[in-house]
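Our numbering numbers the first residue of the sequence shown as 88 and each following residue consecutively.
Backbone N, C-alpha and C fix where the C-beta goes; we use that ideal spot for every residue, glycine too.
Scroll down for the structure; my scribbles are underneath it.
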Amino acid sequence: MVLCTSFADDLVHLTQEPDSPPVRLFTEDELRRYDGSEDGQPIYMAIKGVVFDVTEGKEFYGKAAPYNSLVGRDSTRAVAKMSLDPADLTADTAGLTADQLRSLEGVFEGTYKTKYPVVGYTAARLLNPDGSPNKHFKPERQPQLRTRDEF
Ligand code: HEM
88 MVLCTSFADD LVHLTQEPDS PPVRLFTEDE LRRYDGSEDG QPIYMAIKGV
138 VFDVTEGKEF YGKAAPYNSL VGRDSTRAVA KMSLDPADLT ADTAGLTADQ
188 LRSLEGVFEG TYKTKYPVVG YTAARLLNPD GSPNKHFKPE RQPQLRTRDE
238 F
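Next comes the structure, spelled out in structure tokens:
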């Protein structure tokens with residue numbers, strides 16, 4: 088596995104099938120660059136620490152489109168609550184109800200994972216809250232989509 092960070096070598100030794108593509112790790116700042124503000128640039132959005140290329144959904148996510156505030160960041164909480172309140176534009180899931188978590192899972196699996204290619208992960212997915220490596224991390228499988236290899 089190749090991790091695209093300078094500290095990855097010391098930090099994360101994750102097992103993966105030998106021929107699987109490298110995993111890209113996005114910092115918050117990197118993700119913010121893909122916020123749809125420039126026409127013609129890719130648009131990325133994370134849910135549950137998984138970064139999706141939502142460029143195909145420009146009519147939802149592009150500049151001045153209705154869900155533009157969700158992109159260029161991890162919007163897990165907003166999607167779980169179906170809210171565009173700026174306070175919900177975060178990866179924080181604290182205090183979400185069981186119904187909201189179920190809804191989040193439905194949209195994650197049923198919309199994003201089936202419709203948009205995964206292009207990487209945020210630290211929230213690769214690391215535990217204490218910064219130790221998440222040994223249970225596995226790249227998402229999307230057999231129905233051609234995964235884009237950026238390397
Ligand atoms: C009056 C309120 C709303 C209406 C009428 C509405 C309408 C819609 C419609 C018609 C779609 C499906 C489009 C399609 O698949 O072709 C959609 C998708 C979606 N909506 Fe809403 N929506 C509303 C509010 C919200 C809010 C508050 C959120 C906050 C997160 C939200 C998040 C989404 C997301 C994430 C999708 C999936 C987009 C995709 O396929 O990439 N919606 N909405």
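With respect to the C-alpha of Arg120, the residue from Asp186, Pro204, Gly159 having the closest C-alpha is Gly159.
Counting only the Cα atoms, Gly136 lies some 13 Å from Leu191. Secondary-structure assignment with DSSP links Pro220 through a beta bridge to Leu214. When the Cα atoms are used, Met169 and Ser219 turn out to be separated by approximately 31 Å. By the neighbour-count definition (other C-beta atoms within 10 Å, threshold 16), Arg164 is a buried residue. When DSSP states are grouped into helix, strand and coil, Leu183 belongs to the coil group.
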